[in-house]
Amino acid sequence: MKKLLIISALSVTVLFYFAGLPTYASEKELLGAGATFPFPLYSKMFDTYYQTNKVKINYQAIGSGGGIQQLISKTVDFGGTDAFMNARELKKAELPILHIPTCLGAVVVTYNLPDKPKLKFTPDVIADIFLGKITKWSDPRITAVNPEVKLPDMGIVVVHRSDGSGTTFIFSDYLNKVSKEWAFKVGADKSLNWPAGLGAKGNPGVAGLVNQTPGAIGYVELIYTIQNNMPAGLIKNKAGNFIEPSLPSVSVAANVDLPDDTRVSLTNTDAAEGYPISGFTWLVFYKEQNYAERSKEKAEELLKLLWWMIHDGQQFTAPLHYSPVPPKAVEKAEKILGSVTYENVPLLKK
Amino acid sequence: METELNTGASSLLEFSGIDRSREKDFRFDPFAAPESVFKAVLFGSALCMVLLLLCIFLTLLINSLPSIKEFGFRFFYGKTWNPVTGEFGALPFLVGTLITSFLSLAISLPFSLSLSIFLGEYSTKGTVASLLQSAIELLAGIPSVIYGFWGLFILVPIVRSIEIKLGVTPIGVGIFTSALVLSIMIIPYAASLGREVIRLVPDELKEAAYSLGATRFEVIKKVILPYVISGITAGNLLALGRAIGETMAVTMVIGNSNVIPKSIFAPANTMASVIANEFTEATDDIYLSSLVEIGLLLFMVTMVINIVGKQIIKKMSVQV
Numbered sequence: 000m001k002k003l004l005i006i007s008a009l010s011v012t013v014l015f016y017f018a019g020l021p022t023y024a025s026e027k028e029l030l031g032a033g034a035t036f037p038f039p040l041y042s043k044m045f046d047t048y049y050q051t052n053k054v055k056i057n058y059q060a061i062g063s064g065g066g067i068q069q070l071i072s073k074t075v076d077f078g079g080t081d082a083f084m085n086a087r088e089l090k091k092a093e094l095p096i097l098h099i100p101t102c103l104g105a106v107v108v109t110y111n112l113p114d115k116p117k118l119k120f121t122p123d124v125i126a127d128i129f130l131g132k133i134t135k136w137s138d139p140r141i142t143a144v145n146p147e148v149k150l151p152d153m154g155i156v157v158v159h160r161s162d163g164s165g166t167t168f169i170f171s172d173y174l175n176k177v178s179k180e181w182a183f184k185v186g187a188d189k190s191l192n193w194p195a196g197l198g199a200k201g202n203p204g205v206a207g208l209v210n211q212t213p214g215a216i217g218y219v220e221l222i223y224t225i226q227n228n229m230p231a232g233l234i235k236n237k238a239g240n241f242i243e244p245s246l247p248s249v250s251v252a253a254n255v256d257l258p259d260d261t262r263v264s265l266t267n268t269d270a271a272e273g274y275p276i277s278g279f280t281w282l283v284f285y286k287e288q289n290y291a292e293r294s295k296e297k298a299e300e301l302l303k304l305l306w307w308m309i310h311d312g313q314q315f316t317a318p319l320h321y322s323p324v325p326p327k328a329v330e331k332a333e334k335i336l337g338s339v340t341y342e343n344v345p346l347l348k349k
Numbered sequence: 000m001e002t003e004l005n006t007g008a009s010s011l012l013e014f015s016g017i018d019r020s021r022e023k024d025f026r027f028d029p030f031a032a033p034e035s036v037f038k039a040v041l042f043g044s045a046l047c048m049v050l051l052l053l054c055i056f057l058t059l060l061i062n063s064l065p066s067i068k069e070f071g072f073r074f075f076y077g078k079t080w081n082p083v084t085g086e087f088g089a090l091p092f093l094v095g096t097l098i099t100s101f102l103s104l105a106i107s108l109p110f111s112l113s114l115s116i117f118l119g120e121y122s123t124k125g126t127v128a129s130l131l132q133s134a135i136e137l138l139a140g141i142p143s144v145i146y147g148f149w150g151l152f153i154l155v156p157i158v159r160s161i162e163i164k165l166g167v168t169p170i171g172v173g174i175f176t177s178a179l180v181l182s183i184m185i186i187p188y189a190a191s192l193g194r195e196v197i198r199l200v201p202d203e204l205k206e207a208a209y210s211l212g213a214t215r216f217e218v219i220k221k222v223i224l225p226y227v228i229s230g231i232t233a234g235n236l237l238a239l240g241r242a243i244g245e246t247m248a249v250t251m252v253i254g255n256s257n258v259i260p261k262s263i264f265a266p267a268n269t270m271a272s273v274i275a276n277e278f279t280e281a282t283d284d285i286y287l288s289s290l291v292e293i294g295l296l297l298f299m300v301t302m303v304i305n306i307v308g309k310q311i312i313k314k315m316s317v318q319v
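As they're listed, the protein sequences go chains A and B. Final position of the first sequence in numbering that gives the first Met the number 0 is 349; the numbers increase by one with none missing. Final position of the second sequence in numbering that gives the first Met the number 0 is 319; the numbers increase by one with none missing.
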């Protein structure tokens with residue numbers, strides 16, 4: 000009798016627990032997936048948004064390509080990517096997809112040399128190092144740009160990404176513009192046929208391998224060099240100035256004319272004080288939100304989130320070493336969000 | 000057993016003069032039903048396994064059809080892996096997988112053999128034996144990511160200093176490092192199985208050899224090893240299978256260069272490693288399909304090695 004009482008009491012408690020769980024969770028939850036680069040920023044943004052708006056956002060940092068794939072398969076509400084979708088990917092999606100930029104990043108060239116000297120690089124030198132044509136740090140082309148630095152006679156060990164990455168896309172897009180040989184031999188994409196070097200997985204992988212290997216050179220997002228106390232090379236931009244990668248120099252690079260759909264490459268910027276290897280990171284989503292039986296509430300929640308991210312959410316960029324979206328880009332993004340519809344009726348009331 | 004009962008019972012019945020023709024065959028006795036149900040369940044489970052294997056193979060095949068149509072046999076000897084132009088060739092990965100696996104097997108062989116003989120012959124009981132046995136089992140249980148981390152942070156700098164002494168480009172990662180990490184991972188499989196078969200050698204054989212004046216070493220060399228060679232080969236085959244499919248530990252220390260390695264210290268890439276690295280980001284149809292075809296290739300390489308290995312084991316089996 001006593002046993003029966005205990006068991007029934009326990010089962011009733013369990014039942015009440017499960018009954019009491021919010022059943023509206025599926026309505027107040029958004030799913031996103033994609034780029035690893037802005038993940039620290041998105042984590043902070045989504046956490047704050049949850050505290051204030053009670054909407055839970057689940058973002059999986061599986062890489063830009065993964066994010067695009069998931070959006071095309073309609074398994075996520077939005078995707079994150081450092082490489083805007085090209086014509087082929089847009090065609091695959093069938094339904095129109097929109098991009099809005101959420102922040103700016105810099106891809107820096109980092110290296111491992113004794114005494115961590117501050118080095119300057121010209122575009123052709125970077126291209127030839129990553130093509131495997133310049134193989135020693137003491138090469139005259141490097142010393143010519145860095146006369147005050149005593150460069151050791153070490154071999155250059157190139158480190159690149161082994162996985163598909165938006166960072167690779169931004170970097171190779173820049174090299175495509177500054178080196179005809181690179182454009183011919185390698186090209187620009189999230190995954191490349193690298194002519195030289197070792198591969199490491201993710202930004203942390205490249206940073207780690209460069210940190211460990213004397214004489215190594217690699218490309219990572221700016222945050223990783225700041226957090227790991229690694230040197231970042233100054234790069235000669237189109238205007239002829241050697242620019243240090245930093246939040247201001249990246250923001251300046253973005254203050255150029257943008258197309259209406261914000262799908263633009265910021266590399267090799269015309270801005271005189273702009274850092275040449277900068278790029279936006281975007282969120283991608285469908286224009287017509289009534290697909291795969293999505294509810295109007297969900298579409299409205301998504302739109303609210305996206306609007307917040309380009310306005311109030313931008314306050315979180317600078318403390319985490321990301322550059323905020325410049326005003327011209329915010330304007331374009333607002334127009335884009337205004338065009339999002341549900342059953343052909345625009346959702347945004349503002 | 001069934002036939003024994005049959006003949007025993009039938010001969011008894013014959014002897015007692017009872018007419019056997021009216022007896023029900025007890026094999027179809029309703030009280031024996033659980034027996035046949037049990038057999039059906041066992042057969043069903045086995046069939047499920049075979050079907051699952053077939054389904055995996057078919058899935059791999061169907062998903063790699065686009066790239067098979069595009070490249071044909073060119074895929075197997077193509078050296079370029081270029082996602083930008085859409086030109087894919089699997090040779091670097093095939094070579095990388097085979098070199099690292101066989102090299103790791105070669106490195107692990109003396110160690111696993113010594114361990115098997117020591118635990119199977121010299122120290123079969125006692126604290127030392129149980130300590131060693133537990134250590135080997137623990138080694139097998141360590142997740143491969145941990146091996147990868149250990150390799151990256153501890154082994155790579157050591158290999159780098161060796162490379163500096165040898166005058167090779169000191170990158171640390173490469174075929175040699177990954178073969179070392181793999182060999183440590185696969186020792187437990189070969190060693191455990193080897194120990195079991197060595198312990199199963201009949202005492203009479205060994206004692207007969209001792210009585211003829213053989214030394215311990217001669218007994219091991221001339222009696223035990225020939226007896227257990229098929230078992231040892233089976234154990235090593237298992238170890239090789241593990242080495243071929245190993246992903247995480249290898250991808251962290253092999254250098255991920257999609258080229259055919261030029262020396263033992265050069266970086267390379269394996270089939271499992273390239274799939275792990277590039278699969279989630281492959282948005283292109285041909286790219287994805289080529290990666291699946293690499294998976295299919297890995298599947299078939301494993302299958303071929305298993306079949307060849309089984310033939311070798313059969314040839315080596317001692318006819319008792």
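The C-beta atom is built at its ideal place from N, Cα and C for all residues, glycine as well.
Rounded to whole angstroms, B/V200 and B/L237 show a C-alpha spacing of 21 Å. Taking the beta carbon of B/T168 as reference, the chain A residues within 8 Å of it are G154, V156, listed in sequence order. With its beta carbon at least 8 Å from every one in chain B, A/G278 lies outside the interface. DSSP places A/Q69 in the helix class (H, G or I) of the three-state scheme.
Judged by beta-carbon spacing, A/Y274 lies within the 8 Å limit of A/I242, meaning their Cβ atoms are closer than that value. Among the residues of the stretch 168 to 202 of chain A, those with a Cβ less than 8 Å away from any Cβ of chain B are V185, G186, A187, D188, K189, S190, L191, N192, W193, G196, L197, G198, A199, K200, in the order of the chain.
Going by C-alpha positions, A/S338 is about 44 Å away from A/V124. Within the same chain, and ignoring the five residues on either side of B/I55 in sequence, no residue has its Cβ closer than 7 Å to its Cβ. Two segments are said to touch when three or more pairs of C-beta atoms, one from each, lie closer than 8 Å; by this definition the stretch 222 to 231 of chain A does not touch the stretch 165 to 177 of chain A. The C-beta of B/V155 comes closer than 8 Å to at least one C-beta of chain A.
In terms of Cβ geometry, B/L90 and B/I259 form a close pair [threshold 8 Å]. Below 8 Å, too few C-beta pairs join the stretch 64 to 73 of chain A and the stretch 225 to 236 of chain A to call them touching: fewer than three. Per DSSP, reduced to three states, the secondary structure at A/Y16 is helical. At a cut-off of 8 Å, the C-beta of B/E195 has no neighbouring C-beta in chain A. Within the same chain, and ignoring the five residues on either side of B/F110 in sequence, the residues whose Cβ sits closer than 6 Å to its Cβ are I186.
Secondary structure of A/Y285 (DSSP, three-state): strand.
Counted as a single uninterrupted DSSP element, the alpha helix (DSSP H) harbouring B/R198 occupies residues 174 to 198. Annotation for A/E220: no alpha helix (DSSP H) segment contains it, though the beta strand (DSSP E) segment containing it runs 215 to 220. By the rule that beta-carbons nearer than 8 Å mark a contact, A/Q59 does not touch chain B.
For the stretch 207 to 226 of chain A, residues whose beta-carbon sits nearer than 9 Å to a beta-carbon of chain B comprise G207, L208, Q211, T212, P213, G214, A215. A/C102 has A/T280 as its beta-bridge partners, per DSSP. A Cβ-Cβ separation of about 16 Å leaves B/I183 out of contact with B/I243 under the 8 Å criterion. B/I312 sits in a helix when the DSSP states are folded into three classes.
Nearest to B/I61 by C-alpha distance, out of B/E292, B/L179, B/V307, B/E34, is B/E292. Leaving aside the five residues that flank A/Y290 on each side, the residues in its chain whose CB is nearer than 7 Å to its CB run, in chain order, K73, L94.
Here the alpha carbons of A/K90 and B/V49 stand approximately 40 Å from one another.
Under DSSP, no beta-bridge partner is assigned to A/V177. Note: A/G78 is bridge-paired with A/A32, A/V283 in the DSSP secondary-structure output. From the beta-carbon of B/A281, the residues of chain A found nearer than 7 Å are G64, G163. For A/G131, the three-state secondary structure derived from DSSP is coil. Beta-bridge annotation (DSSP): A/V344 is paired with A/Y341. Look at B/Y146 here: in three-state DSSP terms it is helix. Taking a 10 Å sphere around the C-beta of B/L53, we find fewer than 16 other C-beta atoms and assign the residue as exposed.
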